[in-house]
Amino acid sequence: TGLDAANQVEPALASSPALQDGKDADQTRLVGDFLHYVLIAKPDLAEAAGRKLFDSGITDAQLAELVSENDLDDKVDRSLSRGRGMAGVGPMVTEFEKRLEEGRLDLARNQDRIKEAIGMLDGSLRAQMMGKRRLIQAGEYAVPQLLDVLVAAKSAEVELRVTEVIEEIKRQAVLPLCAALPELSATVQTKVCRMLAKIGWPTAIPYLLEVATSRQSTPEVKDAAMTAFRRLGGTSTDVSAAFTALGRKFFSQEQSLIAYPADPANMVWSYGPHSGLVQTPVPTSIFCQVMAMRNARTALAADPTNRMALAVFVAADLRRENQILAGEIDPFAADAKYTPQFFATAAGSSISRDVLAMAIDANDTALVRDAISALGMTVERGRMVGAGGRQPLLECLRYPDRRVQYDSALVLGAAMPEKAFAGDNQVVPLLANAIRSDNDSYAVVVASTDEDRNSLSSMLGKAGFVVVASGPGFYDLEAEINRSNGIDLVVVQASAADAVTAVGQIRNFVGTGATPVLLMSSGADKITMDREFASDRATGAFINGGTEAQFQSAVNSLMDVASGGRLTEVDSMTYTRNALQTLANIALHGKGPYDITAAEPSLLAAMSSISGGMRLLVAEVVSLINSDTSQQALIDAALAASGNEQVSLLDFAASGARSFGNKSAARQVDALRRLIASSTGDGKSSTADAAGRLYGALNLSTDEAVRLIAE
Numbered sequence: 165t166g167l168d169a170a171n172q173v174e175p176a177l178a179s180s181p182a183l184q185d186g187k188d189a190d191q192t193r194l195v196g197d198f199l200h201y202v203l204i205a206k207p208d209l210a211e212a213a214g215r216k217l218f219d220s221g222i223t224d225a226q227l228a229e230l231v232s233e234n235d236l237d238d239k240v241d242r243s244l245s246r247g248r249g250m251a252g253v254g255p256m257v258t259e260f261e262k263r264l265e266e267g268r269l270d271l272a273r274n275q276d277r278i279k280e281a282i283g284m285l286d287g288s289l290r291a292q293m294m295g296k297r298r299l300i301q302a303g304e305y306a307v308p309q310l311l312d313v314l315v316a317a318k319s320a321e322v323e324l325r326v327t328e329v330i331e332e333i334k335r336q337a338v339l340p341l342c343a344a345l346p347e348l349s350a351t352v353q354t355k356v357c358r359m360l361a362k363i364g365w366p367t368a369i370p371y372l373l374e375v376a377t378s379r380q381s382t383p384e385v386k387d388a389a390m391t392a393f394r395r396l397g398g399t400s401t402d403v404s405a406a407f408t409a410l411g412r413k414f415f416s417q418e419q420s421l422i423a424y425p426a427d428p429a430n431m432v433w434s435y436g437p438h439s440g441l442v443q444t445p446v447p448t449s450i451f452c453q454v455m456a457m458r459n460a461r462t463a464l465a466a467d468p469t470n471r472m473a474l475a476v477f478v479a480a481d482l483r484r485e486n487q488i489l490a491g492e493i494d495p496f497a498a499d500a501k502y503t504p505q506f507f508a509t510a511a512g513s514s515i516s517r518d519v520l521a522m523a524i525d526a527n528d529t530a531l532v533r534d535a536i537s538a539l540g541m542t543v544e545r546g547r548m549v550g551a552g553g554r555q556p557l558l559e560c561l562r563y564p565d566r567r568v569q570y571d572s573a574l575v576l577g578a579a580m581p582e583k584a585f586a587g588d589n590q591v592v593p594l595l596a597n598a599i600r601s602d603n604d605s606y607a608v609v610v611a612s613t614d615e616d617r618n619s620l621s622s623m624l625g626k627a628g629f630v631v632v633a634s635g636p637g638f639y640d641l642e643a644e645i646n647r648s649n650g651i652d653l654v655v656v657q658a659s660a661a662d663a664v665t666a667v668g669q670i671r672n673f674v675g676t677g678a679t680p681v682l683l684m685s686s687g688a689d690k691i692t693m694d695r696e697f698a699s700d701r702a703t704g705a706f707i708n709g710g711t712e713a714q715f716q717s718a719v720n721s722l723m724d725v726a727s728g729g730r731l732t733e734v735d736s737m738t739y740t741r742n743a744l745q746t747l748a749n750i751a752l753h754g755k756g757p758y759d760i761t762a763a764e765p766s767l768l769a770a771m772s773s774i775s776g777g778m779r780l781l782v783a784e785v786v787s788l789i790n791s792d793t794s795q796q797a798l799i800d801a802a803l804a805a806s807g808n809e810q811v812s813l814l815d816f817a818a819s820g821a822r823s824f825g826n827k828s829a830a831r832q833v834d835a836l837r838r839l840i841a842s843s844t845g846d847g848k849s850s851t852a853d854a855a856g857r858l859y860g861a862l863n864l865s866t867d868e869a870v871r872l873i874a875e
């Protein structure tokens, strides 16, 4: 081939001792060809070999076994590292890597192979090494059978090797061991405590403390558990507080607590004296929330007065419902007697405040809205704004999501506080903005080239977004963001390294701290980005080159998870109606810190842009404002209308005049006389009668009435 000796890599594996005849031999050769051609930068030949390999029907598990049995791991690593960014074969390399990883997991977690591997621990030195490697690869999936060996206690020598394997599995063994710990015999409990101490993972702290303080534990078990507890860094001896602290870590979705963050499901463990360790697969999207709820429930069992544990349970329960993705099944949902909303309201307003504070700190928009809703349904109106301490509801007035701002303004507006409070001047303007709100979604684009910015802006436009700003860096867009009515999405075109910087800037900016961010990336970068932002629910990655439909689906999925979905036309109408009703109550209340005139410009603008029944709601609020501008605008609208709408508007204008006196202009009085002259009165709902009511409410001269009588 003319290649340098340094580049010579044998493409086929015909001489391998593991080679089998027929189909297996062909697949082995194709794997070797694929890796060889990637290493020597022959993408066309590598692509062909890879396609032929997958067309052969090889399964993921067979691929992983072939790589393992032929000692190709190092060669695979070198080939994948070189091939990820190689033009012409990059997608094939990504597919090979993904299928190989899936196959390795399938092999490692096969219970028959795990049983076989445990048996190998009692064999030759080579067999022991192979069995140990398989079991460590199996991770937590091997723990049930390994624990059974300790419980059976048939061979001290095998027990020792099993113990060593469990300790090398490390953190992935902790949760299953902790689930079993309270139910084991004293002898095995002591062994497990010592293993947990050797592993050194702090997740075990509350479970060790629970056993150490249990009346049922023997002195030997208590001593082993407390020794392990201290070695892991435990200090407080409050069992409830310890489980609450772990529950909060799960609520915060710390990735170190998840055995397999990239898997679609993770295991929740339980233990029975006859069944042993039992695993229940839970979608990874809600795994942390399920575990947070379990820890909070244990904390409440130890101390029913633990307010923080109750808040963790309520918050995790609400978030669990929000995070479950379409098509996923929550195995614990069917056993739930009450809804998350039930617990959110039944727990009371003080817990709702705690949940709201947790949601704000986590930038969890969907949970923030749920907590505001619960708070609005439970708190006493006079105590909506407390005295002293943190006020999470007031923080929501500045939260970087307009729906959250509207929700908090609606709750605060309905509360009718008697005294002023920090941020009271924001409530009425926000309600006014909600009246004029449309269901447009607003986005900004960050990309280094004009071509990328134009392309992304076009895709966003087709997806129904209004792009308010675009530029090469996020800091270039801050002024436009500040002038906008809220940003619903930020799209960033960047490498994995640059994406970390960009997301940090976005999260540190007050206007976008919780805004969903979609990162446009290459296939290789997406893997890195998914891993980097696994704990940030509001950040997702999308591979360049996808179709417009795929792009829109990715955007909608991200926004569903991050903020509860895009603002719809129904949402806008609901906000408008609720805001108008709240403003009407504020105007009628007539006291307290709110100034209804702050909404006047928006209300008058809405008079000319909104139609139908909603326009009459606007007119009702306008009639409650004591100003020349509002009364005259209402009279103008009434004079220009017709039919039943004109009758209603004339009556609202009359109501305003009765409340605040005549503020009409001379031209309007003349027009009103002409309307009366051209109309006939045939009942209360007639135009003439309504015009007459307004004429009388304005307290005008009786000349018009006398003239009409004379005629």
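Heads up, the sequence shown is in the working numbering, so the first residue is 165 and it goes up one at a time.
For glycine and all other residues, C-beta sits at the position ideal for the given N, C-alpha and C.
query	result
The segment 629–637 touching the segment 797–807, judged by at least three CB pairs closer than 8 Å	no
Which residues DSSP lists as bridging Gln657, in chain order	Met684
DSSP three-state assignment for Met548, whether helix, strand or coil	coil
Inter-residue Cα distance where the pair is Val403 and Leu324	31 Å
Classification of Leu520 by the beta-carbon crowding that lies within 10 angstroms, buried from 16 upward	buried
Leu464 versus Arg471: straight-line alpha-carbon distance, rounded	9 Å
CB contact flag (Asp616, Gln657, <7 Å)	yes
Under 7 Å between C-beta atoms of Phe585 and Val610	no
CA nearest to the CA of Ser243, picked from Tyr201, Gln714, Asp224	Tyr201
Straight-line Cα distance separating Ala769 from Gly776	15 Å
Short Cβ contact (7 Å threshold) for Leu574 with Val591	no
Phe451: first and last residue of the uninterrupted beta strand (DSSP E) it sits in	Note, Phe451: premise wrong, no beta strand (DSSP E); alpha helix (DSSP H) at 448–466.
Unbroken stretches of the alpha helix (DSSP H), 4 residues or longer, contained in the segment 550–619	556–559, 566–579, 588–600
In chain order, each alpha helix (DSSP H) run of at least 4 residues that lies wholly inside the segment 305–391	307–316, 320–333, 338–344, 350–363, 369–376
The segment 472–485 in contact with the segment 712–724 per 3-pair CB rule at 8 Å	no
Helix, strand or coil at Pro445 [DSSP, three-state]	strand
Bridge-paired residues (DSSP) for Gly704	Leu682
Limits of the unbroken alpha helix (DSSP H) element including Tyr201	187–203
Beta carbon of Met580 nearer than 7 Å to that of Gly756	yes
Length at least 4, wholly inside the segment 758–815: the alpha helix (DSSP H) runs in chain order	764–773, 777–786, 792–804
Close beta carbons around Lys413, own chain, < 7 Å, minus the five adjacent residues each side	Leu421
Unbroken beta strand (DSSP E) run spanning Met431, endpoints	429–436
Rounded separation between Lys296 and Thr382 - CA only	32 Å
Cα-Cα separation, Leu767 to Ser736	15 Å
Which of helix, strand or coil DSSP assigns to Ile873	helix
Burial state of Asp689 (16 or more Cβ within 10 Å)	buried
Own chain, CB closer than 7 Å to Ala805, minus 5 neighbours either side, in chain order	Leu813
Limits of the beta strand (DSSP E) - the one that Val630 falls within	629–635
Per DSSP, the bridge partner or partners of Gly440	Gly436
Presumed contact (8 Å Cβ cut-off) between Gln292 and Leu285, rounded CB distance	6 Å
CB-CB length for Asn618 against Glu733, believed under 8 Å	Not really, about 28 Å apart at Cβ, beyond 8 Å.
Inter-residue Cα distance where the pair is Thr165 and Ile204	Reliability of the predicted coordinates at Thr165 is poor, the pLDDT of 33 falling under 50, and the value obtained from them is presented with this limitation in mind. Spanning the two alpha carbons is a distance of roughly 11 Å.
Contact under 7 Å by Cβ, Ala389 with Cys357	yes
DSSP three-state assignment for Leu410, whether helix, strand or coil	helix
C-beta atoms of Asn826 and Asn863 nearer than 7 Å	yes
Own chain residues within Cβ distance below 8 Å of Asp168, not counting five before or after	For Asp168, the predicted structure reports a pLDDT of 39, less than 50, and the residue's modelled location is therefore unreliable. The matter cannot be settled from this model.
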